[in-house]
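In our numbering, the protein residues as written are 1 to 216.
Encoded as structure tokens, the structure appears first; notes follow it.
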Ligand code: DX5
Ligand code: ZN
């Protein structure tokens, strides 16, 4: 499939969110990427259910909800009700990851498993046939605008190998420090979905930047 682009609203202008949502609606972006942080799993707090519910009313594009929270099982159902189409949980934040994945799938949402930069792809061996997506963090989660970690290329290769070996249908998403230079290289390695925050919202023409991320 052609790769997808999911702008992260973390870098949007929250004083005028409607304008940025309309821009994403008009653009070639495929999904909205929504970063939920609890201030415990990551050293930052972002936004949660009420904001996601509101944004859902302003768009028909799918919601890719990235939960950076401890023990996300407690909230899966409520994020689904708020409008999440894909719900991703960190392997590092789930004691019973298999249970978390099926909790998500049973709500009707697609399930994603996220790995922090230090977590090896081998952690996914026994879950790769259950998860719909793997999200590889290419920065340490918590903030937008950080520098891309170069080791991610090798991880994408390892993950692609695992997916092929296990005959899994999981897609690969990358999040953190994605720009117009590394995006084509990552897609070339097998990445299916590119998340981009700062590159989109800090650019002088965000809609055009999304077009550039989508077409190469
Ligand atoms: C980081 C978040 C990302 C973030 C990406 O913790 O998961 O989605 O918004 O931002 P950029 O693209 O600016 O690195
Ligand atoms: Zn994210």
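Here a beta-carbon is modelled for each residue, glycine too, at the ideal position from N, C-alpha and C.
Please look up how many angstroms separate the CB atoms of residue i and residue j, rounded, as I've assumed it's under 8 angstroms.
{"i": "residue 179", "j": "residue 199", "result": "5 angstroms"}
{"i": "residue 202", "j": "residue 194", "result": "No, residue 202 and residue 194 are not in contact; Cβ-Cβ is about 16 angstroms, not under 8 angstroms."}
{"i": "residue 128", "j": "residue 166", "result": "5 angstroms"}
{"i": "residue 63", "j": "residue 85", "result": "5 angstroms"}
{"i": "residue 67", "j": "residue 40", "result": "The pair is not a contact, with the Cβ atoms about 12 angstroms apart (cut-off 8 angstroms)."}
Say yes only if the C-beta of residue i is nearer than 7 angstroms to one or more non-hydrogen atoms of the ligand DX5, and no if none qualify.
{"i": "residue 76", "result": "no"}
{"i": "residue 25", "result": "no"}
{"i": "residue 146", "result": "yes"}
{"i": "residue 11", "result": "yes"}
{"i": "residue 199", "result": "yes"}
{"i": "residue 217", "result": "The structure shown has nothing for residue 217, since the chain only spans 1 to 216."}
{"i": "residue 141", "result": "yes"}
{"i": "residue 1", "result": "no"}
{"i": "residue 172", "result": "no"}
{"i": "residue 177", "result": "yes"}
{"i": "residue 68", "result": "yes"}
From this set, the options, which residue's C-alpha is nearest residue i's C-alpha?
{"i": "residue 164", "options": "112, 125, 67, 196", "result": "125"}
{"i": "residue 114", "options": "143, 69, 82", "result": "69"}
{"i": "residue 223", "options": "181, 4, 12", "result": "With the chain represented from 1 up to 216, any question about residue 223 goes unanswered, as that position is not in the structure."}
{"i": "residue 42", "options": "141, 158, 196", "result": "141"}
{"i": "residue 81", "options": "102, 3, 56", "result": "56"}
{"i": "residue 112", "options": "39, 87, 4", "result": "87"}
{"i": "residue 146", "options": "65, 12, 177, 119", "result": "177"}
{"i": "residue 108", "options": "59, 78, 14", "result": "78"}
{"i": "residue 152", "options": "185, 7, 123, 143", "result": "185"}
{"i": "residue 161", "options": "144, 121, 40, 6", "result": "121"}
{"i": "residue 53", "options": "83, 143, 197", "result": "83"}
{"i": "residue 144", "options": "8, 104, 213", "result": "8"}
{"i": "residue 17", "options": "6, 102, 58", "result": "58"}
{"i": "residue 110", "options": "102, 216, 14", "result": "102"}
For the ligand NAD, any of its heavy atoms closer than 7 angstroms to the Cβ of residue i?
{"i": "residue 63", "result": "Of the ligands one can find in the structure shown, namely the ligand DX5 and the ligand ZN, none is the ligand NAD."}
Taking contact to mean at least 3 C-beta pairs separated by less than 8 angstroms, is the stretch 187-194 in contact with the stretch 204-211? no
Residues surrounding the ligand ZN [beta-carbon distance to nearest heavy atom under 6 angstroms]: 8, 33, 35, 66, 175, 195
Can you confirm whether the stretch 46-63 touches the stretch 89-101 when touching is taken to mean that 3 or more C-beta pairs between the two stretches lie within less than 8 angstroms? no
Do the stretch 70-88 and the stretch 16-30 touch if we need at least three Cβ pairs shorter than 8 angstroms? no
Under 8 angstroms: do the stretch 125-133 and the stretch 159-174 share three or more Cβ pairs, one atom per stretch? yes
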